[in-house]
Structure formats: structure tokens, C-alpha cells
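Protein chains in written order, with this note's numbering: chain A, 383 to 493; chain B, 165 to 274.
Here a beta-carbon is modelled for each residue, glycine too, at the ideal position from N, C-alpha and C.
Quick caveat, the model's predicted, so the values are computed rather than measured.
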């Protein structure tokens with residue numbers, strides 16, 4: 383089966399601190415990978431997508447960055463968090479039938 | 165660019181039928197997807213329509229009219245566990261990424 387592991391599940395970080403969220407995918411090779419963010423009670427906003435190792439496309443200019451050091455690894459980072467970075471972060475992959483599947487998500491609260 | 169519109173809230177009673185509509189504008193279109201999200205959880209895939217017509221999966225059905233840029237999700241025999249947010253989404257032909265609507269919160273009452 384194709385599984386998405388995402389961690390940490392929950393974190394509370396002070397303003398100005400760094401961030402690293404990690405996502406790994408099992409059971410598939412060279413998947414399209416995505417980072418989405420969801421603010422409380424809102425829809426899902428695409429932040430980054432990647433079609434392969436080292437290939438990152440950014441959708442929204444902000445203080446976040448993404449990297450794909452390995453085929454099945456996708457990392458979301460920030461050097462200095464802002465209060466507005468709080469939200470639910472979801473890693474996702476493109477599956478068969480043009481379906482996108484999500485990991486369990488990471489809840490980030492910036493205080 | 166792409167945009168999707170769906171109602172923000174719908175309320176229905178157990179056993180009833182509810183329809184959640186979605187209209188979209190997109191420069192390239194692969195298909196219309198529907199996702200369910202319970203509070204605190206990740207979205208889960210419900211259905212995908214690439215062609216016009218009705219797709220049925222158990223109590224859930226999804227319809228697409230490409231000429232009208234319109235689709236809907238139909239939930240039958242509502243159960244309390246169906247209380248959740250439902251999102252329509254279109255797959256961008258260039259990025260192959262989903263653009264989501266703002267979601268419809270469904271409340272099922274006893």
C-alpha cells in the first residue's frame with residue numbers, strides 16, 4: 383500500500399523560531415508531492431509541489447521553503463516563523479486516477 | 165487561475181438526502197474531486213468525475229456537467245457520522261495539483 387508519514391503531528395513554536403516538517407512516502411516511486419496549509423475553518427491552500435528530486439515549485443510567496451532531498455522525502459521549512467504561519471499542514475501525493483492522498487497532517491501553533 | 169464556489173453550511177436530519185453544489189472556473193480541467201474532512205483530521209478522498217454524468221459509490225454520488233462548470237455531491241441516508249466538511253476540488257492540468265473550494269460544513273441532526 384502507499385502510505386504517507388508526516389511528523390511531527392503537533393508542535394508549538396515561538397515567533398522567530400525555525401521550523402522543519404517532514405514527510406515520507408512509501409510504496410511508490412517518483413510521486414508528485416505537495417504541501418498544503420489549512421487555516422482554522424478554512425480551505426486548503428497549495429504551498430509547494432514537487433515532480434521529482436530537487437524540483438520544487440512555490441505557489442505562494444512567503445517565509446516558508448520546501449526541499450526534496452530524496453525521491454520519497456519532502457520537507458517544509460522556515461528560518462523564522464510568524465504568527466500567521468499557524469495552521470494545519472498537510473503533505474500529499476498524487477495517486478492513480480488523478481487522486482490526491484493526504485498524510486495525517488501537522489498542527490502548528492506559533493506563539 | 166481557478167476558483168470554486170460551494171455553500172458554506174448545510175444542515176439536514178438523519179436519514180435525509182442532501183446535495184452540495186460546486187461551481188468552478190478553471191483554465192484547464194482534468195476533473196472534479198470531492199473530499200471529506202472531519203474536525204481535526206486530514207481530508208479523505210470521496211470521488212472523482214472526469215466525464216459528465218453521475219458516479220455512485222454506496223451512499224455517496226457525484227455528478228459533473230463540464231458544459232456548465234458545475235458538479236454536486238449527493239449524500240443519501242444521512243448518518244450522524246457524515247457530519248463533516250466537504251470540499252470540491254479541481255485538478256490543474258499544468259501543475260497536476262488540486263485547487264480546493266472553501267468547503268461546506270454539513271451538520272446532521274437527529
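- Residue 435 of chain A and residue 393 of chain A have their alpha carbons spaced roughly 27 Å apart.
- Taking a Cβ-Cβ cut-off of 7 Å, the neighbours of residue 261 of chain B in chain A comprise 416, 428, 431, given in sequence order.
- With a threshold of 7 Å between beta carbons, residue 255 of chain B makes contact with chain A.
- Between the C-alpha atoms of residue 238 of chain B and residue 177 of chain B there is a straight-line separation of about 14 Å.
- It is roughly 12 Å from the alpha-carbon of residue 221 of chain B to the alpha-carbon of residue 213 of chain B.
- Pairing residue 273 of chain B with residue 472 of chain A, the inter-Cα distance amounts to about 30 Å.
- Taking C-beta atoms under 8 Å as the contact rule, residue 268 of chain B and residue 171 of chain B qualify, at a distance of about 5 Å.
- Only 194, 195, 197, 199 from the segment 170 to 200 of chain B bring a Cβ to less than 9 Å from some Cβ of chain A.
- Among the CB atoms of chain B, one or more fall inside 7 Å of the CB of residue 481 of chain A.
- Taking a cut-off of 8 Å for Cβ pairs, the segment 216 to 235 of chain B and the segment 479 to 492 of chain A do not touch, as fewer than three such pairs fall below it.
- Residue 466 of chain A carries a helical assignment under DSSP once its states are collapsed to helix, strand and coil.
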